[in-house]
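Residues 0 to 113 (numbering that gives the first Met the number 0) are what the sequence shown spells out, left to right. Note that the Cβ used here is the ideal one computed from N, Cα and C, for glycine as well. Treat the numbers as computed from the prediction; the structure is a model and nothing was measured.
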Amino acid sequence: MHGSYLKFYVQEKRRLHGILAYEWLLENARKLGIHGGSAFQAIAGYGRNGVLHEQQFLELAGDLPVEVGFAVTDEEADRLLQRIRDEKVSVFYVRLPVEFGITGDGAQGPQGPL
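Now the structure itself:
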């Protein structure tokens, strides 16, 4: 299947409408019927302000970048981006064309039928 890979970048401690931004993105995607998404914490990164944030042994949590990603159809990508606009949320994203699917017959997962 062909579609889009949407990646959003937020700070670990950033909140949207009262909840952590990565949780907000995942929850809104789930409500739109998107079948899966993941959040990944970076070990280092910097944004538009040029300030480097990196994991240190004694650093307080909350300052590191989090990437939230979704492999979706183009229609699902459009719906998620529209939801974000409708909620007046400002977040950096990347949209890439992708091919995705399930290997094998797709009918059996590790715990049985999907």
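If you follow the beta strand (DSSP E) that Leu137 is part of, which residue opens it and which one closes it?
Residue 137 lies beyond the residue range present for the chain, which begins at 0 and ends at 113; the question has no answer from this structure.
By DSSP, does Ala41 sit in helix, in strand, or in coil?
Your numbering for residue 41 matches position 42 in the sequence shown. Ala41: coil per DSSP, three-state reduction.
Using DSSP's beta-bridge definition, name the partner residues of Arg14.
Translated into the one-based positions of the sequence shown, residue 14 becomes position 15. DSSP lists Leu19 as the bridge partner or partners of Arg14.
Using 10 angstroms around the beta-carbon of Tyr21, count the other beta-carbons present and answer buried if the total reaches 16, otherwise exposed.
Numbered from 1 along the sequence shown, position 22 holds the residue referred to as residue 21. Counting the other Cβ atoms within 10 Å of the Cβ of Tyr21 gives 16 or more, which makes it buried.
According to the Cβ coordinates, are Ala37 and Val97 closer than 9 Å?
To locate residue 37, count along the sequence shown from 1; it is residue 38. To locate residue 97, count along the sequence shown from 1; it is residue 98. The amino acid occupying residue 37 in the given sequence is Ser; Ala does not appear at that position. Taking 9 Å as the Cβ cut-off, Ser37 and Val97 do not qualify as a contacting pair.
Using a 10 Å radius around the Cβ and a threshold of 16 neighbouring Cβ atoms, would you call Asn48 buried or exposed?
Sequence index remark: in the sequence shown, residue 48 carries index 49 (1-based). Asn48 sits exposed, since fewer than 16 C-beta atoms from the chains shown fall within 10 Å of its C-beta.
As assigned by DSSP and simplified to three states, the class of Leu51
Stepping through the sequence shown from its first residue, residue 51 is reached at position 52. In this structure, Leu51 counts as strand in the three-state DSSP scheme.
Given Ala76 as reference, the closest of Leu19, Glu11, His34 once Cα atoms are compared
Numbered from 1 along the sequence shown, position 77 holds the residue referred to as residue 76. Among Leu19, Glu11, His34, the Cα nearest to that of Ala76 is on His34.
Considering only residues of the same chain and omitting the five flanking positions on each side of Leu95, which have a CB-CB separation below 7 Å?
Here residue 95 refers to the residue found at position 96 when the sequence shown is read from its first residue. Beyond the five residues adjoining it in sequence on each side, Leu95 comes within less than 7 Å, by CB distance, of Ser3, Tyr4 in the same chain, given in chain order.
DSSP three-state call for Leu31: helix, strand or coil?
The residue labelled residue 31 in the question sits at position 32 within the sequence shown. Reduced to three states, the DSSP call for Leu31 is coil.
What separation, rounded to the nearest whole angstrom, lies between the Cα atoms of Arg29 and Tyr8?
On the sequence shown, position 30 is the one that residue 29 refers to. On the sequence shown, position 9 is the one that residue 8 refers to. Straight-line measurement puts the Cα of Tyr8 at about 18 Å from the Cα of Arg29.
Can you give the Cα-Cα distance for Gly46 and His16, rounded to whole angstroms?
One-based indexing of the sequence shown puts residue 46 at position 47. One-based indexing of the sequence shown puts residue 16 at position 17. Taking the straight line joining both Cα atoms gives about 22 Å.
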